[in-house]
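Notes for the one structure printed next.
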Amino acid sequence: MDKVGLVGCGTMGTGICLAFASSGYSVKIVDTNLDMVNEGLANIQSQIKRSVDRERISQSEGEAIFHRIVGDTDISFLADSDFVIEAVYEDLEIKKNIFSMLDEICLDAKIIASNTSSLAISDIASTSKRKDRILGIHFFNPVPVMELVELIGSLDTSEECFNAAEALIASLNKTAVKVKDTPGFIVNRLLIPYILDAIRVYESGVASREDIDQGITLGLNHPMGPLSLADLIGLDVVMMIAESLHRELGEPRFSPPTMLRRLVSSGNLGRKSKQGFYTY
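This note's numbering puts the sequence shown at residues 217 to 496.
The following block contains the structure:
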(Lines of atoms letter the chains of each structure in order from A; the text may use other names.)
(Lines give C-alpha, C1' and ligand atoms only; values in the text may rest on other atoms or scores of the structure.)
Protein backbone atom coordinates (compact mmCIF):
# COMPACT_ATOMS: atom_id res chain seq x y z
CA MET A 217 0.00 0.00 0.00
CA ASP A 218 1.58 3.25 -1.05
CA LYS A 219 -1.35 5.65 -1.59
CA VAL A 220 -2.77 7.23 1.55
CA GLY A 221 -5.92 9.35 1.78
CA LEU A 222 -6.69 11.72 4.65
CA VAL A 223 -9.87 13.56 5.64
CA GLY A 224 -9.22 16.66 7.74
CA CYS A 225 -6.59 19.40 7.46
CA GLY A 226 -6.42 20.25 11.15
CA THR A 227 -3.55 19.64 13.57
CA MET A 228 -3.87 15.85 13.58
CA GLY A 229 -4.67 15.48 9.89
CA THR A 230 -1.66 17.51 8.78
CA GLY A 231 0.59 15.76 11.30
CA ILE A 232 -0.48 12.34 10.03
CA CYS A 233 -0.05 13.55 6.46
CA LEU A 234 3.50 14.69 7.14
CA ALA A 235 4.40 11.41 8.88
CA PHE A 236 3.29 9.36 5.87
CA ALA A 237 4.85 11.67 3.27
CA SER A 238 8.12 11.62 5.23
CA SER A 239 8.07 7.82 5.00
CA GLY A 240 7.73 7.82 1.22
CA TYR A 241 3.96 7.54 0.81
CA SER A 242 1.94 9.53 -1.72
CA VAL A 243 -0.72 11.38 0.29
CA LYS A 244 -3.99 13.02 -0.71
CA ILE A 245 -5.63 15.20 1.93
CA VAL A 246 -9.09 16.77 1.76
CA ASP A 247 -11.19 19.20 3.78
CA THR A 248 -14.49 20.98 3.29
CA ASN A 249 -13.22 24.26 1.85
CA LEU A 250 -10.16 25.55 0.03
CA ASP A 251 -9.07 27.89 2.83
CA MET A 252 -8.79 24.93 5.23
CA VAL A 253 -6.85 22.91 2.66
CA ASN A 254 -4.44 25.77 1.93
CA GLU A 255 -3.97 26.46 5.64
CA GLY A 256 -3.22 22.78 6.23
CA LEU A 257 -0.70 22.61 3.40
CA ALA A 258 0.96 25.82 4.65
CA ASN A 259 1.22 24.25 8.12
CA ILE A 260 2.88 21.15 6.65
CA GLN A 261 5.29 23.29 4.64
CA SER A 262 6.16 25.25 7.78
CA GLN A 263 6.94 22.03 9.68
CA ILE A 264 9.13 20.80 6.83
CA LYS A 265 10.99 24.13 6.73
CA ARG A 266 11.60 23.89 10.47
CA SER A 267 13.12 20.43 10.02
CA VAL A 268 15.35 21.75 7.21
CA ASP A 269 16.42 24.76 9.29
CA ARG A 270 17.36 22.45 12.16
CA GLU A 271 19.28 20.24 9.71
CA ARG A 272 17.18 17.18 10.47
CA ILE A 273 16.58 16.79 6.72
CA SER A 274 18.15 18.38 3.63
CA GLN A 275 16.47 20.99 1.45
CA SER A 276 15.99 18.44 -1.34
CA GLU A 277 14.48 15.91 1.09
CA GLY A 278 12.06 18.54 2.34
CA GLU A 279 10.98 19.40 -1.21
CA ALA A 280 10.50 15.71 -2.03
CA ILE A 281 8.30 15.22 1.03
CA PHE A 282 6.06 18.18 0.16
CA HIS A 283 5.76 17.09 -3.48
CA ARG A 284 4.23 13.78 -2.31
CA ILE A 285 1.27 15.69 -0.83
CA VAL A 286 -1.77 16.94 -2.78
CA GLY A 287 -4.80 18.71 -1.29
CA ASP A 288 -8.40 19.02 -2.51
CA THR A 289 -11.92 19.83 -1.32
CA ASP A 290 -13.70 16.86 -2.93
CA ILE A 291 -13.76 13.67 -0.87
CA SER A 292 -14.07 11.60 -4.08
CA PHE A 293 -10.45 12.69 -4.71
CA LEU A 294 -9.53 9.81 -2.34
CA ALA A 295 -11.16 7.12 -4.50
CA ASP A 296 -7.92 5.37 -5.49
CA SER A 297 -6.43 5.35 -1.96
CA ASP A 298 -5.14 2.07 -0.56
CA PHE A 299 -5.52 3.30 3.00
CA VAL A 300 -7.76 6.11 4.31
CA ILE A 301 -7.73 7.91 7.68
CA GLU A 302 -10.42 10.26 8.92
CA ALA A 303 -9.05 12.93 11.28
CA VAL A 304 -11.85 15.44 11.83
CA TYR A 305 -13.39 16.89 15.01
CA GLU A 306 -14.69 14.44 17.60
CA ASP A 307 -18.34 14.53 16.51
CA LEU A 308 -19.91 11.11 16.05
CA GLU A 309 -22.51 12.15 13.47
CA ILE A 310 -19.92 13.95 11.33
CA LYS A 311 -17.64 10.91 11.44
CA LYS A 312 -20.48 8.52 10.59
CA ASN A 313 -21.41 10.67 7.61
CA ILE A 314 -17.79 10.70 6.40
CA PHE A 315 -17.50 6.92 6.75
CA SER A 316 -20.74 6.46 4.85
CA MET A 317 -19.28 8.49 1.95
CA LEU A 318 -15.89 6.73 2.11
CA ASP A 319 -17.70 3.39 1.98
CA GLU A 320 -19.15 4.30 -1.42
CA ILE A 321 -16.06 6.10 -2.77
CA CYS A 322 -13.07 4.04 -1.63
CA LEU A 323 -14.14 0.67 -2.98
CA ASP A 324 -10.65 -0.82 -3.16
CA ALA A 325 -9.24 0.58 0.09
CA LYS A 326 -7.95 -2.20 2.32
CA ILE A 327 -8.37 -0.09 5.46
CA ILE A 328 -10.60 2.84 6.36
CA ALA A 329 -9.60 4.18 9.76
CA SER A 330 -10.60 6.85 12.24
CA ASN A 331 -8.11 8.83 14.30
CA THR A 332 -10.73 9.21 17.03
CA SER A 333 -9.33 9.70 20.51
CA SER A 334 -12.38 8.52 22.43
CA LEU A 335 -15.40 7.52 20.31
CA ALA A 336 -16.44 3.89 19.84
CA ILE A 337 -15.26 2.39 16.55
CA SER A 338 -18.41 0.26 16.37
CA ASP A 339 -20.51 3.45 16.44
CA ILE A 340 -18.39 5.16 13.77
CA ALA A 341 -18.54 2.05 11.56
CA SER A 342 -22.30 1.57 12.00
CA THR A 343 -23.14 3.11 8.59
CA SER A 344 -20.60 1.03 6.68
CA LYS A 345 -21.44 -2.00 4.59
CA ARG A 346 -17.90 -3.37 5.05
CA LYS A 347 -17.21 -3.13 8.76
CA ASP A 348 -14.43 -5.70 8.46
CA ARG A 349 -12.02 -3.10 6.99
CA ILE A 350 -12.71 -0.39 9.59
CA LEU A 351 -10.68 0.24 12.73
CA GLY A 352 -9.36 3.05 14.89
CA ILE A 353 -5.80 4.29 14.40
CA HIS A 354 -5.15 6.83 17.13
CA PHE A 355 -2.00 8.89 16.60
CA PHE A 356 -0.65 11.29 19.21
CA ASN A 357 0.29 14.95 18.84
CA PRO A 358 2.79 15.94 17.50
CA VAL A 359 2.39 13.01 15.12
CA PRO A 360 5.81 13.13 13.39
CA VAL A 361 7.52 12.90 16.80
CA MET A 362 5.32 10.64 18.92
CA GLU A 363 6.15 6.96 18.51
CA LEU A 364 2.95 5.34 19.84
CA VAL A 365 -0.21 4.52 17.87
CA GLU A 366 -3.28 2.84 19.36
CA LEU A 367 -5.06 0.31 17.11
CA ILE A 368 -8.71 -0.20 18.03
CA GLY A 369 -10.95 -2.74 16.36
CA SER A 370 -14.66 -3.36 16.62
CA LEU A 371 -16.07 -6.88 16.85
CA ASP A 372 -16.31 -6.82 13.04
CA THR A 373 -12.72 -5.73 12.27
CA SER A 374 -10.93 -8.54 10.43
CA GLU A 375 -7.57 -9.99 11.41
CA GLU A 376 -6.36 -9.12 7.91
CA CYS A 377 -7.23 -5.47 8.53
CA PHE A 378 -5.40 -5.48 11.88
CA ASN A 379 -2.31 -7.09 10.35
CA ALA A 380 -2.23 -4.59 7.49
CA ALA A 381 -2.58 -1.69 9.94
CA GLU A 382 0.24 -3.01 12.13
CA ALA A 383 2.52 -3.31 9.09
CA LEU A 384 1.62 0.20 7.99
CA ILE A 385 2.39 1.69 11.41
CA ALA A 386 5.69 -0.21 11.55
CA SER A 387 6.62 1.34 8.19
CA LEU A 388 6.39 4.76 9.90
CA ASN A 389 8.86 3.57 12.58
CA LYS A 390 6.12 3.76 15.18
CA THR A 391 4.91 1.21 17.72
CA ALA A 392 1.32 -0.03 17.66
CA VAL A 393 -0.59 -1.31 20.67
CA LYS A 394 -3.89 -3.18 20.29
CA VAL A 395 -6.82 -1.93 22.36
CA LYS A 396 -10.39 -3.12 22.80
CA ASP A 397 -13.15 -0.79 21.64
CA THR A 398 -13.68 0.89 25.01
CA PRO A 399 -14.06 4.59 25.98
CA GLY A 400 -10.74 6.46 25.94
CA PHE A 401 -8.79 3.35 24.91
CA ILE A 402 -5.52 3.15 26.95
CA VAL A 403 -3.81 6.53 26.97
CA ASN A 404 -6.73 8.95 27.29
CA ARG A 405 -8.45 6.69 29.84
CA LEU A 406 -5.41 7.32 32.07
CA LEU A 407 -4.30 10.78 30.88
CA ILE A 408 -7.53 12.77 31.10
CA PRO A 409 -8.21 12.16 34.84
CA TYR A 410 -4.57 13.12 35.52
CA ILE A 411 -4.97 16.44 33.71
CA LEU A 412 -8.38 17.12 35.28
CA ASP A 413 -6.97 16.48 38.77
CA ALA A 414 -4.14 18.95 38.10
CA ILE A 415 -6.71 21.56 37.04
CA ARG A 416 -8.70 20.94 40.23
CA VAL A 417 -5.55 21.38 42.33
CA TYR A 418 -4.84 24.70 40.58
CA GLU A 419 -8.50 25.75 40.78
CA SER A 420 -8.62 25.13 44.53
CA GLY A 421 -5.52 27.26 45.15
CA VAL A 422 -3.30 24.48 46.46
CA ALA A 423 -0.38 25.62 44.29
CA SER A 424 0.48 27.89 41.36
CA ARG A 425 0.36 26.57 37.80
CA GLU A 426 4.17 26.76 37.58
CA ASP A 427 4.66 24.82 40.81
CA ILE A 428 2.15 22.16 39.79
CA ASP A 429 3.93 21.61 36.49
CA GLN A 430 7.38 21.75 38.06
CA GLY A 431 6.31 19.29 40.74
CA ILE A 432 5.55 16.77 38.02
CA THR A 433 8.51 17.49 35.72
CA LEU A 434 11.10 17.42 38.51
CA GLY A 435 9.37 15.09 40.94
CA LEU A 436 8.29 12.43 38.45
CA ASN A 437 10.75 13.19 35.64
CA HIS A 438 7.97 13.89 33.14
CA PRO A 439 9.00 15.99 30.12
CA MET A 440 6.03 18.33 30.60
CA GLY A 441 3.66 19.21 33.44
CA PRO A 442 -0.10 18.52 33.19
CA LEU A 443 -1.20 22.13 32.68
CA SER A 444 1.40 22.75 29.96
CA LEU A 445 0.39 19.46 28.39
CA ALA A 446 -3.29 20.46 28.43
CA ASP A 447 -2.38 23.69 26.63
CA LEU A 448 -0.46 21.69 24.02
CA ILE A 449 -3.30 19.23 23.42
CA GLY A 450 -5.89 22.02 23.29
CA LEU A 451 -8.23 22.75 26.19
CA ASP A 452 -11.26 22.26 23.94
CA VAL A 453 -9.97 18.81 23.01
CA VAL A 454 -9.30 17.92 26.66
CA MET A 455 -12.84 18.99 27.59
CA MET A 456 -14.40 17.15 24.67
CA ILE A 457 -12.64 13.90 25.57
CA ALA A 458 -13.50 14.35 29.25
CA GLU A 459 -17.17 14.91 28.44
CA SER A 460 -17.22 11.85 26.20
CA LEU A 461 -15.64 9.67 28.90
CA HIS A 462 -17.97 11.08 31.57
CA ARG A 463 -20.97 10.40 29.35
CA GLU A 464 -19.87 6.83 28.58
CA LEU A 465 -18.53 5.78 31.99
CA GLY A 466 -20.47 8.02 34.38
CA GLU A 467 -17.53 8.43 36.76
CA PRO A 468 -17.15 11.84 38.52
CA ARG A 469 -13.38 11.90 37.88
CA PHE A 470 -14.08 12.47 34.18
CA SER A 471 -16.31 15.51 34.76
CA PRO A 472 -14.59 18.70 33.44
CA PRO A 473 -13.78 21.23 36.22
CA THR A 474 -15.42 24.65 36.15
CA MET A 475 -12.10 26.38 35.37
CA LEU A 476 -11.65 24.25 32.23
CA ARG A 477 -15.18 24.99 31.05
CA ARG A 478 -14.67 28.74 31.55
CA LEU A 479 -11.38 28.81 29.68
CA VAL A 480 -12.89 26.97 26.73
CA SER A 481 -16.06 29.08 26.63
CA SER A 482 -13.92 32.24 26.59
CA GLY A 483 -11.88 30.94 23.64
CA ASN A 484 -8.70 30.38 25.63
CA LEU A 485 -7.79 26.99 24.19
CA GLY A 486 -4.05 26.78 24.89
CA ARG A 487 -1.18 27.13 22.45
CA LYS A 488 -3.36 27.26 19.35
CA SER A 489 -5.16 30.40 20.63
CA LYS A 490 -2.00 31.81 22.29
CA GLN A 491 -3.72 31.72 25.69
CA GLY A 492 -4.68 28.90 28.03
CA PHE A 493 -3.23 28.20 31.45
CA TYR A 494 -0.20 30.06 30.09
CA THR A 495 0.28 32.88 27.58
CA TYR A 496 2.13 32.02 24.35
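Glycine included, C-beta positions come from ideal geometry on N, C-alpha and C.
Keep in mind it's a predicted model, so treat the numbers as computed, not measured.
Check, Outcome
"Which two residues bound the contiguous beta strand (DSSP E) that contains residue 354?", "350-354"
"Taking residue 288 as the reference, which of 239, 255, 378 has the closest Cα?", "255"
"Tell me, please, whether the region 232-242 touches the region 382-391 by the rule of three or more beta-carbon pairs shorter than 8 Å.", "yes"
"Between 233, 274, 477, 314, which has its C-alpha nearest residue 509's C-alpha?", "Nothing about residue 509 can be read from this structure; the chain reaches only from 217 to 496."
"What number of angstroms, rounded off, separates the C-alpha of residue 426 from the C-alpha of residue 408?", "19 Å"
"Three Cβ pairs or more, each shorter than 8 Å: is that satisfied between the region 257-267 and the region 304-312?", "no"
"Can residue 477 and residue 412 be called in contact, C-beta distance under 8 Å?", "no"
"Under three-state DSSP, which class holds residue 319?", "helix"
"Give the C-beta separation of residue 367 and residue 381 to the nearest angstrom, bearing in mind that I take them to be a contact with Cβ-Cβ under 8 Å.", "6 Å"
"Helix, strand or coil for residue 294, going by three-state DSSP, please let me know.", "helix"
"For residue 187 and residue 472, which I take to be in contact (beta-carbon distance under 8 Å), what is that distance rounded to the nearest angstrom?", "Missing from the structure shown is residue 187; the chain here goes from 217 to 496 and no further."
"Can you look up residue 448 in the DSSP assignment and give me helix, strand or coil?", "helix"
"May I have a chain-ordered list of the beta strand (DSSP E) segments no shorter than 3 residues that lie completely inside the region 362-415?", "364-369, 391-395"
"Should the region 318-325 be regarded as contacting the region 288-306, the criterion being three or more beta carbon pairs within less than 8 Å?", "yes"
"Is residue 336 helix, strand or coil when you go by DSSP?", "coil"
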